[in-house]
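As you go down the protein sequences, you meet chains W and B in turn. If you count by our numbering, then the first sequence holds residues 1 to 230, one letter each, in order. If you count by our numbering, then the second sequence holds residues 1001 to 1393, one letter each, in order. The beta-carbon is built from N, C-alpha and C at its ideal position, and this holds for glycine as well. Accompanying notes for the structure given below.
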Amino acid sequence: MAFLKARNLRKTYRLGRDNVVQALRGVDVTVEVGEMVAIVGPSGSGKSTLMHILGLLHSPDRGDGPPPSLVFDGKDVTELRDRERTRMRAERIGFVFQSFNLVSTLTAVENVALPAEYAGRRRKTALATAAEALDMVGMGDRLGHRPMELSGGQQQRVAIARALVTEPALLLADEPTGNLDSENTGELLELLRHCNAERRQTMILVTHDPRVSEACSRVLTMQDGMIREG
Amino acid sequence: MNLLRSLTRRKLRTALTVMGIAVGILALVVMAALATKLSALVESGSTYFRDKVVVTGVSSNPFSPALALTPLTIDVVQQIEQVPGVAVATPRILLHMNPDDPSNAFQLPAYIVGYTEGADRGYENSPTRVAKGRATGPGDEGQQVAFLGADLAREFDKGPGDTFEIRGIEFTVVGVGEPTLMSFDTSAIVPLTEAQAMLYQETPIVVERELDPGQLTSMVVVYPEKGMDTGLLAQRIEENIPKVRAGTSTDFDDQFGSTLAIFNMIILSVALISVVVGGLSVINTMTISVAERTREIGIKRAVGASRARIMRELLSEAAVMGLIGGLFGLASGAVFIYGANQVGETSGTVLFQLTPEIAVLAVAFSTALGTVAGALPAWNASGLDPIEALRYE
């Protein structure tokens, strides 16, 4: 059963008067429920742009071609307004970024609680759930630490706990091992595989790291804004 | 908790912004307290004149009769009493305590008031109340006794039984009044005959030759019959009696109300300018704060914070800065006003009146100011593209 079904995704960025970059040139992609998919390809091939559109952070372009469509767990989300896309991000999607992107003034547990609060949970409940999520990623003894008091590997675990705290149906990760050493990379992949297997969470990982793509059930390769093979 | 953490992230900057607001609110509180005090003075004067008509010579101002160029003669009192609608007319003398320096900026002028207690036959609705001792009475005529207003008694530390020198003559103080917020507070009430003698000294020689002191008065206070309109009565008096001016509370309001309104507008405008500067510093601080936190805002937006949520977080910070600034401004304003009034009390110059309304409005205004000033940076922040914001270095 398809969890994500995207058709005719195009995205053009204008980076100056004469500098137009066609990041996506009509991408069709389908991801099944519970799949763990790696998107690989050279820098500038459109991997991150595709992830941002699939994660409802950006909308595909309209015009100049067949109309785009994006179906998320059976719901057409192509035309959703910002408010609805934001709510879906809070409730249904978890994000892991390359540079961890934790809020420096908040403690680990407060960082992890953010999506739960945004999804409408009471602060106390959100913090309790966040503590459980941190425990699950092996960070149960670092709840009150600020990001700067944690190593890179620990920060990425916190970021993963944040992505999982609302038990989202979809987890998107952009270069999740980009700043990790091989030991931490192994632990992170083990964690992701565990969640994928235990929770049937659909995962899409943008990566340059062959160890990540090897851990996935399917690999999509992008080049020049198109998927070359699927 | 998070809010305070965000605010204390840049302690010096937040402190400076809060101080900027505090200074603005300090100015607003002090100026508003000054305007309130002046308004109260004018209002109490207007109330005092509401049930009477004040008659002076045509060259005098009914509300500044101490500056009379020519006094009235006492026979005008009988003439006024003949005017239909007049219940009682009583002579009253008003003289500057210090004729060499009658002007007294930002302070009630000190007056000598001479009248015969009881001559109003109960029509007078004077706000003077006895705090200590007794009021002067009809039996005091010919005696050198005085009843002192509250500020005057405090300034010279006088009470019943003390002597008080007025224009070189020693008067025995028989009583002290309660504060009225009116010129009574800085006045000494003496028997009419004593005031007449002092008025006689001031009278031009030409007039002096023709009159006895007992024939002089600087004004006549006229009490209308019940139901009689004071404006109409004033008109009748001016029509029936030559060379007099009759003033009512409406004239008083015309004379002082508009001047006061302009004055209040000017001082409050000055205070508002200070507050606007405080508001601009909030905008500046919030703009820098938002710029510094672009990435953080991007993270929050990416993981599901709505625009409204981001707005709310930032507006709360701005509002709290406004609130704290307002509280500091109010506190320092209250200290300033207390100190100034303490110093002023000894010289009879109580300039400021800080009311609960001013306090509440000042804090509410500064909180609202913080919120409004934070609105634009917060709006801009909430509209950031999450991905662009995440890439921000």
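- Taking the beta carbon of Y13 of chain W as reference, no residue of chain B falls within 8 Å; the closest one sits roughly 11 Å away.
- For P1386 of chain B, the nearest CB of chain W lies under 8 Å from its own CB, placing it at the interface with that chain.
- The C-beta of R17 of chain W comes no closer than 8 Å to any C-beta of chain B.
- Contact annotation for P42 of chain W against chain B: no contact, minimum CB-CB distance about 19 Å [criterion: below 8 Å].
- In the three-state scheme derived from DSSP, where H, G and I count as helix and E and B as strand, E167 of chain W is classed as coil.
- Every beta strand (DSSP E) of 3 residues or more that sits fully in the stretch 1169-1241 of chain B is shown, in chain order, as 1169-1177, 1187-1190 and 1219-1224.
- At least one C-beta of chain W is nearer than 8 Å to the C-beta of A1305 of chain B.
- Residue-level contact by beta carbon holds for I1299 of chain B and chain W, with a gap shorter than 8 Å.
- Assignment of A1110 of chain B by DSSP, reduced to helix, strand and coil, places it in the coil class.
- For R1009 of chain B, a Cβ of chain W is located within less than 8 Å of the residue's own Cβ.
- Spanning the alpha carbons of R89 of chain W and F72 of chain W requires a straight line of approximately 11 Å.
- A direct Cα-Cα distance of roughly 58 Å separates A1150 of chain B from A1308 of chain B.
- Chain-order list of chain B residues neighbouring N101 of chain W: I1299 and L1390, by C-beta distance under 7 Å.
- Taking C-alpha positions only, A1153 of chain B is separated from I1189 of chain B by approximately 12 Å.
- When CB distances to chain B are screened at a threshold of 8 Å, the residues of the stretch 106-131 of chain W falling below it are L106, E110, L114, P115, Y118 and A119, in chain order.
- No Cβ of chain B is located within less than 8 Å of the beta carbon of F72 of chain W.
- G1279 of chain B is a Cβ neighbour of L1369 of chain B, given a cutoff of 8 Å.
- Taking all protein chains shown into account, K1011 of chain B has fewer than 16 neighbouring C-beta atoms within 10 Å of its C-beta and is therefore exposed.
- In this structure, the beta-carbon distance from Y1223 of chain B to Y1123 of chain B falls below 8 Å.
- Here T78 of chain W carries a coil assignment [DSSP, helix/strand/coil].
- Listed along chain W are Y118, each with a C-beta nearer than 8 Å to that of R1309 of chain B.
- When DSSP reads this structure, Y13 of chain W sits in a beta bridge with W:V21.
- Taking 7 Å as the upper bound on Cβ-Cβ separation, chain B lies near residues H52, L57 and H58 of the stretch 40-70 of chain W.
- T1017 of chain B places its beta carbon less than 8 Å from that of T1285 of chain B.
- Comparing alpha carbon positions, the residue from B:A1291, B:F1184, B:T1047 and B:L1390 closest to L1095 of chain B is B:F1184.
- A direct Cα-to-Cα measurement between V1220 of chain B and P1091 of chain B gives close to 4 Å.
- When the Cα atoms are used, H194 of chain W and R62 of chain W turn out to be separated by approximately 38 Å.
- Secondary structure at M226 of chain W: strand, using DSSP grouped into helix, strand and coil.
- Every unbroken stretch of the alpha helix (DSSP H) spanning 4 or more residues and falling wholly within the stretch 56-136 of chain W is given here in chain order: 82-92, 108-118 and 123-136.
- Around the C-beta of K75 of chain W, fewer than 16 other C-beta atoms lie within 10 Å, and the residue is accordingly described as exposed.
- Our two residues, P1062 of chain B and E1210 of chain B, have alpha carbons roughly 24 Å apart in a direct line.
- Along the stretch 148-179 of chain W, going in chain order, the ones with a CB nearer than 7 Å to a CB of chain B are R162.
- Under the three-state reduction of DSSP output, V1145 of chain B falls in the strand class.
- Between the C-alpha atoms of D1075 of chain B and L1351 of chain B there is a straight-line separation of about 40 Å.
- Interface annotation, R83 of chain W: in contact with chain B, CB-CB separation under 8 Å.
- For E1296 of chain B, the chain W residues whose C-beta falls within less than 7 Å of its own C-beta are V103, listed in chain order.
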